[in-house]
Amino acid sequence: MNNGKGTPAIEVRHLTVSYGARPALLDVSVRIEKDQLVGVIGPNGSGKSTLIKAILGFEKPDVGEILIGGEDVQKAKGKVAYVPQRGAVDWDFPITVREVALMGRYQHVPWYRSPSAADREAALEALSMVRMSDFAERQIGQLSGGQQQRVFLARALAQGSDILLLDEPFAGVDAATERAILDVLERAKAAGKTLVVVHHDLATAAEYFDNLVLLKQRLYAFGPPAAVLQEELLSQVYEGRLRVFTDLMAKEGGR
Amino acid sequence: MNFLLHAFWAPLTETYFQKALIGGCAVALVSGAVGSLVVLRRMAFLGDALSHAMIAGVAGGYLAMKLLFGVEAYAPAMLLGSLIAAIITVALIGVVSKVSRVKEDTVIGIMYTGVFALGVVVVSIFRQYIHIDLMHFIMGDILGVADTDLWASAIVSASVLTILVLFFRHFQLASFDPIMAASTGLPVLVLDYALTGCVSMVVVSAVSMVGVILVVGLLITPAATAYLLSDRLDKMMALASLFGVTSVIGGLYLCVWLDSAGGGAVMLFCTLQFLAVLAVAPRYGLLARWRRLRNMIPQQVVEDVLITVLRQQKETPLKVLQQFVQVPQPGTLWKAVKQMESEGLIEALPQGYRLTGVGEKQAANVLRAHRLWESYLASIGTPEDAVHPTAHRLEHIHGAGIVDYLDQKLGQPEVDPHGQKIPRRGNGARKKPAGNEPEEQ
Ligand SMILES: Nc1ncnc2c1ncn2[C@@H]1O[C@H](COP(=O)(O)OP(=O)(O)OP(=O)(O)O)[C@@H](O)[C@H]1O
Ligand SMILES: [Mg+2]
């Protein structure tokens, strides 16, 4: 294990990203070591998706830098795979489950060639890892929410990147699917991948993740769940919804 | 027979018809393919803008050649002028919508009408020098296609199709998920410009045939028609091209037979084709939708069946179900039972229907809802004889949280007002954490 030594998988330094005049992220620094399952929590509009997009190299920082395996994001193209938030996908797009998984292979296919048999094989394998091979010919809009999540997870796995970013993979899925997705994530972690997962359910956050990032425009906390899920911190971040969390903290304490 | 032969064959022997057919098909082929991307990326309005902006370019090109070299109506220069005008318009749209708070669709509207107006003013000021028939420009003239136009559309069609085929994957990924495309190093911005460039070229070569106003229809209508029929982008593009070609062929015959305007006939045919497909498309069509709605079994019927079987405590024949379950139409009960069988809620035995494990759990949840609603109704002083029938209606309202709310509010009663036991919450449903919108699976 690299206990803080060696190159971190993702290093975010003093990151500020803004849309127009209003910064979505302000001076955020985190250092995510390899082989970790990291959760990102924070209320709606707190900049979680923005952080993900910045780590992907899609949103350019106003200030600060992001290093992927020690290399600047803009140079580290294709090293980070991601599963988009549900609302960010056009579910009516004419594309089948198989093609979405195959998209994960595109970065390995030179522009003058078609995806090879091996690429198709890899895409199918990724689909079977998330138990979606039976749905390969379906148009993506004709799947349930949990199945849709798994298809995009398959795409990310097919990319073969060492870093996976997932934007709310557990939103709107039932308990069984949540378990299934978590299993895949844990297997990926065991296979040496680093995972960053945006998560909304504080009740399960401690159980699922090695480390948590608590965001609301600024970084409020980063560290092991026990350190981050502090009532005082949470009430600061989720102002006005305090009551819910007092209940929750009581439950956490009773564990 | 002879008449039919004449109707179809005679036009084909005319040169003007042949040219119209060739030029029209070349343009339709490529505009269907590129139009598919335009439709999926919601750029339809931009297509319209590009066609209108052209006139300024045409006028500019004409004027430049005339003043500099004394050449009249030099087609390549006008074509180049149109492309330049298109690019300038797009750039203006991009800049203004980025730096101002005015939304993009409005900016498109402002810029293209502005550039169009500039073109109209220039054409009318220099009417001694340049002889551009505005009407021709606006309405197009597919039956009078010049050879230069034919060549232009053939070249545009071939080159744009080549680009689309070569970079199909790139356009697909960049349209479907630009964030991922960027993260894998695809030059998304370059692809955007390339696509806009392709659209401009197609629009420019199509304007001489169907005119400024109709060109956007040729771009998007065949693509939208194909969209109703396809679940894959490559198939959608191929079908869109096909529909474009059939529109041109059908429209040209229509125009000869009816002796009407060419461009108008083509677009009319194209629109009718869209409406026909919209009606009958197997999955996304209106007929299919109507049939789906008709075949849909109300959840209420399903739940009534569940609860009836549960109450019978034994195999329940269809006859008993008919007695207890109210249905909107006679056939619905039978359909409901079949569907529930295939979903594994009930199973058919010789003596009648029995609940499966899953079915029992669901039935218990409905029963729980029913009895809790009864308790609630009794607690708010509903007359005794109204309690059961009202609860029977209300038991179908048992979405996440609602029944639990009643349960809490009533202090988790063990029995309902009639002294019957209220089943505990089935373990089928998960308790959703607070603050998370429960979503139906
Ligand atoms: N493309 C955009 N243009 C302008 N503002 C944006 C854009 N995307 C996000 N924002 C703003 O930036 C802030 C952070 O947004 P972000 O999408 O990162 O939030 P989030 O934490 O992912 O929220 P959610 O939980 O709702 O997904 C919000 O205030 C949002 O309104
Ligand atoms: Mg988000």
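Taken in order, these protein sequences are the chains called A and B.
For the first sequence, my numbering assigns the number -7 to the initial residue and increments by one for each residue that follows.
For the second sequence, my numbering assigns the number 151 to the initial residue and increments by one for each residue that follows.
Just so you know, even glycine gets a beta-carbon here, dropped at the ideal spot from N, CA and C.
7 Å CB neighbourhood of residue i in its chain, flanking five on each side removed
i: residue 187(B); result: 321, 325, 345
i: residue 360(B); result: 290, 292, 368, 413, 416, 417
i: residue 166(A); result: 138
i: residue -5(A); result: Here residue -5(A) scores only 47 on pLDDT, less than 50, and its place in the model should not be relied on; the value that follows carries that caveat. Result list for residue -5(A): empty, nothing under 7 Å.
i: residue 366(B); result: 194, 197, 198, 201
i: residue 229(A); result: 34, 35, 206, 208, 212
i: residue 62(A); result: -1
i: residue 225(A); result: 206, 212, 213
i: residue 461(B); result: none
i: residue 185(B); result: 369, 370, 372, 373, 390
i: residue 176(A); result: 121, 122, 145
Near ligand 2: residue i beta-carbon under 7 Å from a heavy atom
i: residue 159(A); result: yes
i: residue 77(A); result: yes
i: residue 45(A); result: no
Any non-hydrogen atom of ligand 4 within 7 Å of residue i CB
i: residue 190(A); result: The ligand content of the structure shown is limited to ligand 1 and ligand 2, which means ligand 4 is not among them.
Classification of residue i by the beta-carbon crowding that lies within 10 angstroms, buried from 16 upward
i: residue 446(B); result: exposed
i: residue 596(B); result: The structure shown does not extend to residue 596(B), since chain B is modelled only from 151 to 591, so the question has no answer here.
i: residue 231(B); result: buried
i: residue 339(B); result: exposed
i: residue 83(A); result: exposed
i: residue 104(A); result: exposed
i: residue 315(B); result: exposed
i: residue 18(A); result: buried
i: residue 480(B); result: exposed
i: residue 598(B); result: The first residue shown for chain B is 151 and the last is 591, placing residue 598(B) beyond what the model contains.
i: residue 279(B); result: exposed
i: residue 426(B); result: exposed
i: residue 330(B); result: buried
i: residue 303(B); result: buried
i: residue 285(B); result: exposed
i: residue 257(B); result: buried
i: residue 65(A); result: buried
i: residue 309(B); result: exposed
i: residue 559(B); result: exposed
i: residue 108(A); result: exposed
Closer than 7 Å: residue i CB and nearest ligand 1 heavy atom
i: residue 49(A); result: no
i: residue 343(B); result: no
i: residue 250(B); result: no
i: residue 36(A); result: yes
i: residue 40(A); result: yes
i: residue 16(A); result: yes
i: residue 11(A); result: yes
Supposed close pair residue i, residue j - CB separation, criterion 8 Å
i: residue 349(B); j: residue 200(B); result: 6 Å
i: residue 525(B); j: residue 567(B); result: 6 Å
i: residue 91(A); j: residue 433(B); result: About 17 Å separates the two Cβ atoms, so there is no contact after all.
i: residue 399(B); j: residue 300(B); result: Residue 399(B) to residue 300(B), Cβ: 17 Å. No contact.
i: residue 135(A); j: residue 122(A); result: That belief does not hold up - the Cβ atoms of residue 135(A) and residue 122(A) are roughly 12 Å apart, past 8 Å.
i: residue 72(A); j: residue 191(A); result: Contact doesn't hold; Cβ gap of about 18 Å is too wide.
i: residue 182(B); j: residue 390(B); result: 3 Å
i: residue 394(B); j: residue 179(B); result: 6 Å
i: residue 118(A); j: residue 93(A); result: 5 Å
i: residue 455(B); j: residue 437(B); result: Contact flag wrong, Cβ pair sits at about 29 Å.
i: residue 482(B); j: residue 451(B); result: 6 Å
Beta-carbon proximity list for residue i, same chain, < 8 Å, skipping 5 on both sides
i: residue 184(A); result: 26, 27, 154
i: residue 88(A); result: 128, 129, 130, 131, 132
i: residue 457(B); result: 513, 516, 517, 520, 545
i: residue 484(B); result: 468
Cutoff 6 Å; reference residue i; Cβ partners in own chain excluding five residues on either side
i: residue 193(B); result: none
i: residue 161(B); result: 167, 406
i: residue 161(A); result: 75, 141, 173
i: residue 188(A); result: 30, 157
_At least 3 beta-carbon pairs within less than 8 Å: the region 252 to 269 of chain B vs the region 371 to 379 of chain B_ = no
*Assess, as a yes-or-no matter, whether the region 208 to 227 of chain A is touched by the region 36 to 50 of chain A under the definition of 3 or more beta carbon pairs within less than 8 Å.*
In this structure the region 36 to 50 of chain A lies against the region 208 to 227 of chain A, because at least three pairs of beta carbons, one per stretch, are closer than 8 Å.
_When you compare the region 200 to 216 of chain B with the region 235 to 250 of chain B, are there three or more beta-carbon pairs, one atom per stretch, that lie closer than 8 Å?_
yes
*Using 8 Å as the threshold, is the region 162 to 177 of chain B in touch with the region 386 to 400 of chain B, meaning 3 or more CB pairs across them?*
yes
*Is there contact between the region 52 to 59 of chain A and the region -1 to 16 of chain A, where contact requires at least three CB pairs shorter than 8 Å?*
Touching, yes.
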